[in-house]
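Enquirer: Structure in structure tokens, see below.
Residue numbers (the working numbering): 2 to 335.
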């Protein structure tokens, strides 16, 4: 294996004292050794900062940065500012990885030379991820050309396994050359938005049915917080723009209109949610409603009207569509 390739591993650390040692030990135990570990202490009030410093004294590959608490996006951005590797991966401080993860990923990368490598993760809970394993087995492979990349992203997004950064290997030169950062003003789906921004520069993507990443679900995990699903998506309207900009990169060969239709319909569904919220809670969501309307008009396929997309909405989300529509109808009749 070419040991000249280097990986920068960025780990934001905050309130992870019960788990941080297992996380760091799993990284330092990698069979591939040419990496740097950037531990970003995001003002953690427990002993995480001290624990990180202990590891830095024992291993020269470990670099610790202490900062005031500003959130995971700011912590990751600080890591990116100092990343010197050829590749970048992100690991959460309460998770851990298999000892051969980096060796396996870099081995694949040397053979295929992709811009983005996507792999699987295991939920360390009662969650059944067999469907995800089956899907990745079906779609594993290398996707070359922008249209193939778009189609791969569509499959991953529609199965809700797209958004994380921890199950991807990124090229650092793409991140640095295009100044790609995490949006520090967004605390929901910031991973998703970062990945979409990165995909603007991807022409070759690989997906592997390989599950070396262990994702721990704790009481503080974002997945355990009581955010309404579609409300989370609306707070990150940049996802819509990111998807559409990705589609706009299409080379004109083949048909990627399905991805555009799905994205438009999803955000029309979001618009329906806002109308329902406005009637029910008397909230002022008009600016966000107008934004979604404008985006739909801007990106609508030629010859397709709002009625067309309503029919597509029913096709994509039949149960959810009728549920939301009936709730809105009930509210307006009161």
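Cβ atoms here follow ideal geometry from the backbone N, Cα and C, with glycine treated the same way.
Given a threshold of 16 other Cβ atoms within 10 Å of its Cβ, counted over all protein chains shown, does residue 230 qualify as buried or as exposed?
Expert: With a pLDDT of only 42 at residue 230, under the threshold of 50, the placement of this residue in the model should not be trusted; the figure read from the coordinates follows. Exposed.
Enquirer: Evaluate residue 96 with the Cβ neighbour count: other Cβ atoms within 10 Å of its Cβ, from every protein chain shown; 16 or more gives buried, anything less gives exposed.
Expert: It is buried - the Cβ of residue 96 has at least 16 other Cβ atoms within 10 Å.
Enquirer: Here's the rule I'm using: 16 or more other beta-carbon atoms within 10 Å means buried, otherwise exposed. How should residue 266 be labelled?
Expert: Burial call: buried.
Enquirer: From what residue to what residue does the beta strand (DSSP E) around residue 14 run?
Expert: 8-14 is the extent of the beta strand (DSSP E) around residue 14.
Enquirer: Nearest to residue 240 by CA position, among 198, 270, 210, is which residue?
Expert: Answer by Cα proximity: 198.
Enquirer: Based on the DSSP output, what are the partners of residue 207 in its beta bridges?
Expert: DSSP, once it has assigned bridges, lists 118, 143 as partnering residue 207.
Enquirer: In chain order, what residues of the same chain lie with their CB nearer than 6 Å to the CB of residue 69, ignoring the 5 residues before and after it?
Expert: Answer for residue 69: 44, listed in chain order.
Enquirer: For residue 245 and chain B, any beta-carbon pair shorter than 8 Å?
Expert: Considering every chain present, this structure includes no chain B. It has just one protein chain.
Enquirer: Just checking my contact of residue 94 with residue 17 at CB under 8 Å: how many whole Å lie between their CB atoms?
Expert: Their Cβ separation, rounded to whole angstroms, is 4 Å, which keeps residue 94 and residue 17 in contact under 8 Å.
Enquirer: What are the start and end residues of each continuous alpha helix (DSSP H) run of 4 or more residues lying completely inside the stretch 145-172, in chain order?
Expert: Listed in chain order, they are 147-159.
Enquirer: Could you check the C-alpha separation between residue 261 and residue 51 for me, to the nearest Å?
Expert: Between residue 261 and residue 51, the C-alpha separation is close to 48 Å.
Enquirer: Rounded to the nearest angstrom, what separates residue 7 and residue 35 at their Cα positions?
Expert: Distance between the alpha carbons of residue 7 and residue 35 is about 5 Å.
Enquirer: List, from N- to C-terminal side, the alpha helix (DSSP H) runs of 4 residues or more that fit wholly inside the stretch 21-77.
Expert: Taking only runs of at least 4 residues, the alpha helix (DSSP H) segments lying wholly in the stretch 21-77 are 21-29, 49-59.
Enquirer: Using the C-alpha atoms, what's the distance from residue 163 back to residue 157?
Expert: Going from the Cα of residue 157 to the Cα of residue 163 covers about 5 Å.
Enquirer: Can you tell which of 146, 15, 201 has the C-alpha that lies nearest to the C-alpha of residue 180?
Expert: Residue 201 is the option with its Cα nearest to residue 180.
Enquirer: Per the DSSP calculation, residue 303 is bridged to which residue(s)?
Expert: DSSP output for residue 303 lists no bridge partner at all.
Enquirer: Check each candidate in 23, 188, 195 and name the one with the smallest Cα separation from residue 175.
Expert: Residue 175 has its Cα closest to that of 195, out of 23, 188, 195.
Enquirer: In chain order, what residues of the same chain have a beta carbon less than 8 Å from the beta carbon of residue 46, not counting five sequence neighbours either side?
Expert: Result list for residue 46: 16, in chain order.
Enquirer: State buried or exposed for residue 5, treating a residue as buried only when at least 16 other CB atoms are found within 10 Å of its CB.
Expert: Residue 5 is exposed by the Cβ-count criterion.
Enquirer: Shortest alpha-carbon distance to residue 42 belongs to which of 24, 21, 13, 89?
Expert: Taking only the C-alpha atoms, the option nearest residue 42 is 13.
Enquirer: For residue 145, collect the residues of the same chain with a Cβ closer than 6 Å to its Cβ; drop the 5 residues on either side in sequence, then sort them by chain order.
Expert: Excluding positions up to five away in sequence, the list reads 205.
Enquirer: According to the neighbour-count rule (16 or more other Cβ atoms, all chains shown, within 10 Å of its Cβ), is residue 172 buried or exposed?
Expert: Buried, by the Cβ-count rule.
Enquirer: Report buried or exposed for residue 31, applying the criterion of at least 16 other Cβ atoms within 10 angstroms of its Cβ.
Expert: By the 10 Å Cβ count, residue 31 comes out buried.
Enquirer: Kindly confirm or deny that the stretch 130-144 and the stretch 50-64 touch, where touching means at least three C-beta pairs closer than 8 Å.
Expert: No, they do not touch.
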